[in-house]
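Engineer:
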């Protein structure tokens, strides 16, 4: 197609609204994995927090983060979020992250087999 042919076609300018991420205070309480995994979990949490509705609750954050983890990592993930809680959990090695983002304490861990079949085979049923 020549440049002359483009004269008849209206061109649309698409602008994306870039939302600036607010500055959040992040404090790592404890983790037993790699720094790359820790950074990945913190980034996932930041993305979930960035995309929240104004009237979202802790449960919405936990569901969003759990879904992101289960999309990218194998296994069954658990996410506990609150401003004040205690926990005694059993987790798989190198999967625990306990971080505070602003006033939200976030505990993330995997517990269970890292690979699970999506559907049962005939032999398993």
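In UniProt numbering, the protein residues as written are 1 to 125. C-beta atoms are modelled at their ideal positions from N, C-alpha and C, and glycine is treated no differently.
1. Going by C-alpha to C-alpha distance, which of 111, 69, 110, 106 sits closest to residue 26?
2. State the Cα-Cα distance for the pair residue 86 and residue 20, rounded to the nearest angstrom.
3. Rounded to whole angstroms, what's the CA-CA distance from residue 64 to residue 100? Just pull it up for me.
4. Just to confirm before moving on: does the CB-CB distance between residue 68 and residue 48 stay below 8 Å?
5. Which term fits residue 52, buried or exposed, when burial requires 16 or more other beta carbons within 10 angstroms of its beta carbon?
Structural biologist: From the atom records:
1. 106
2. 33 Å
3. 17 Å
4. yes
5. exposed
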